[in-house]
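In terms of the numbering used here, the sequence shown opens at residue 3 and continues consecutively. Don't be surprised by glycine CBs; every beta carbon is placed ideally from N, CA and C. Remarks on the structure that follows.
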Amino acid sequence: MPDTITKLTYQTFQHGKNYFGLAHKYLSTQILSLVTPQLQQKSRPIPPELLFKIQARLNQLLEADWQDAEKGVYPHSLLFDNPWVDFFRYYPEVWLDMPQIWQRLNQKNHQDFSVDVPKDGYPSYYLQNFHHQTNGYLSDLSANLYDLQVELLFGGSADPMRRRILAPLKENLKTTTGQVRILDVACGTGRTLKLLRNAFPQASLFGTDLSPAYLRKANQELSQIPGELPQLLQANSEELPYLDNYFHAITCVFLFHELPAVARQNVIDQCFRVVQPGGVFVICDSIQMSDSPDMQYVMDSFHETFHEPYYKHYITDDLVQRLEKAGFENISQQVHFMSKYLIAHKPAQ
Ligand SMILES: C[S@@+](CC[C@H](N)C(=O)[O-])C[C@H]1O[C@@H](n2cnc3c(N)ncnc32)[C@H](O)[C@@H]1O
Numbered sequence: 003m004p005d006t007i008t009k010l011t012y013q014t015f016q017h018g019k020n021y022f023g024l025a026h027k028y029l030s031t032q033i034l035s036l037v038t039p040q041l042q043q044k045s046r047p048i049p050p051e052l053l054f055k056i057q058a059r060l061n062q063l064l065e066a067d068w069q070d071a072e073k074g075v076y077p078h079s080l081l082f083d084n085p086w087v088d089f090f091r092y093y094p095e096v097w098l099d100m101p102q103i104w105q106r107l108n109q110k111n112h113q114d115f116s117v118d119v120p121k122d123g124y125p126s127y128y129l130q131n132f133h134h135q136t137n138g139y140l141s142d143l144s145a146n147l148y149d150l151q152v153e154l155l156f157g158g159s160a161d162p163m164r165r166r167i168l169a170p171l172k173e174n175l176k177t178t179t180g181q182v183r184i185l186d187v188a189c190g191t192g193r194t195l196k197l198l199r200n201a202f203p204q205a206s207l208f209g210t211d212l213s214p215a216y217l218r219k220a221n222q223e224l225s226q227i228p229g230e231l232p233q234l235l236q237a238n239s240e241e242l243p244y245l246d247n248y249f250h251a252i253t254c255v256f257l258f259h260e261l262p263a264v265a266r267q268n269v270i271d272q273c274f275r276v277v278q279p280g281g282v283f284v285i286c287d288s289i290q291m292s293d294s295p296d297m298q299y300v301m302d303s304f305h306e307t308f309h310e311p312y313y314k315h316y317i318t319d320d321l322v323q324r325l326e327k328a329g330f331e332n333i334s335q336q337v338h339f340m341s342k343y344l345i346a347h348k349p350a351q
């Protein structure tokens, strides 16, 4: 009985976040249509039958999330984890930032950075206002708003999607002896590292990202959790600053759709280099045409609505072929809600 109540509470909590996200999108779209009617005319509403399919996928994701907690992949408490302080502190900022976003959208200005933001040393593909974010990934405000914006976009399901990497990791690491080392590539504000810390309390965790502001935010968040602090490093994932064969497992969440094709291959090659023989590499990223052709309507407009310059190429890219080219084998795939997962192994010696 208590289990049924907990499950119902979890489902209500998630559906509440989903409705909040929908209400936010509706309100912001209405205001946008008043401010810039020409932009509103271009956007197409999602047909009702597709909305039902999306809802069904969301329900399947929540069931998978619940079942993994039941199996002990992670504690039930993780299902209710929500950055409430950030929500109340930064939700008004999301609205205050919106006029700037609309202006960039209207002017198709996708490389808009304040003069005080240092831009040297980054690859040119990175210097973009991904998701029309003010100062791209390069400001503290962007780091503070990012998780909230992703939650609004996915109706509170970003963490349930991230959590789907944990069961394959657990399965692959169950026979590992000694100190387990896990690297999260492009860790952003540390959401995935937080999940990893809960599922692997004893592991040594590592995270890299290009954004100093996002790493600062990750450090703030992760230092509040008991246990060993993950080691964070600013680095381009195309040149990982680690020894060959160092990690037992590597994760990479929501990076590949933001990379040009060459960089995608470079990152996979680097992950192959630094993971141990017999180790596992788990990718979580957007669905693609090959696994979700019924979601084409959503994928077709995503790159423009959210300024994702490499997404159009990403959705038809063959990631399995790229993983095999790097040397990975025994590659399996899963799809949950709007994300896909690739679980790839480096051959044991
Ligand atoms: C969409 S966010 C995903 C962040 C995080 N993994 C998550 O689950 O929210 C993409 C992240 O990739 C980082 N990034 C993009 N290109 C990168 C690169 N070449 N090397 C390292 N980090 C990169 C960005 O700074 C950003 O934090």
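Residue environment: glutamate 51 is assigned as exposed (fewer than 16 neighbouring CB atoms within 10 Å of its CB, all protein chains considered).
Burial check for tyrosine 127: the Cβ neighbour count within 10 Å stays below 16, so the residue is exposed.
The beta carbons of leucine 80 and glutamine 13 sit no closer together than 9 Å. The alpha-carbon separation between lysine 55 and proline 203 amounts to approximately 36 Å. Leucine 245 has no beta-bridge partner at all, per DSSP. With contacts defined as CB atoms closer than 9 Å, histidine 133 and leucine 155 qualify as a contacting pair.
One Cα belongs to tyrosine 216, the other to arginine 324, and the distance between them is close to 28 Å.
Annotation: the continuous alpha helix (DSSP H) that includes serine 144 extends over 142-155. Between methionine 163 and cysteine 286, the gap from beta carbon to beta carbon is short of 9 Å. Closest in C-alpha terms to alanine 265, from the list Asp118, Pro125 and Gln109, comes Pro125. Relative to ligand 1, leucine 198 has its C-beta separated by 8 Å or more from all heavy atoms.
Proximity of the beta carbon of leucine 147 to ligand 1 is not indicated: no heavy atom of the ligand is located closer than 8 Å. In the structure shown, the three-state DSSP call for cysteine 286 is strand. With a contact defined as Cβ atoms closer than 8 Å, glutamine 113 and leucine 129 qualify at about 6 Å. The region 276-290 makes contact with the region 247-256: 3 or more CB pairs, one atom from each, lie closer than 8 Å.
Just so you know, the alpha carbons of alanine 160 and glutamate 153 end up roughly 6 Å apart.
Lysine 176 sits in coil when the DSSP states are folded into three classes, being neither helix nor strand. With contact defined as three or more Cβ pairs closer than 8 Å, the region 137-146 and the region 208-226 are in contact. Assignment of beta-bridge partners to glycine 209 by DSSP yields Asp186 and Leu234. Threonine 31 counts as exposed, since fewer than 16 other C-beta atoms from the protein chains shown sit within 10 angstroms of its C-beta.
For isoleucine 333, the three-state secondary structure derived from DSSP is strand.
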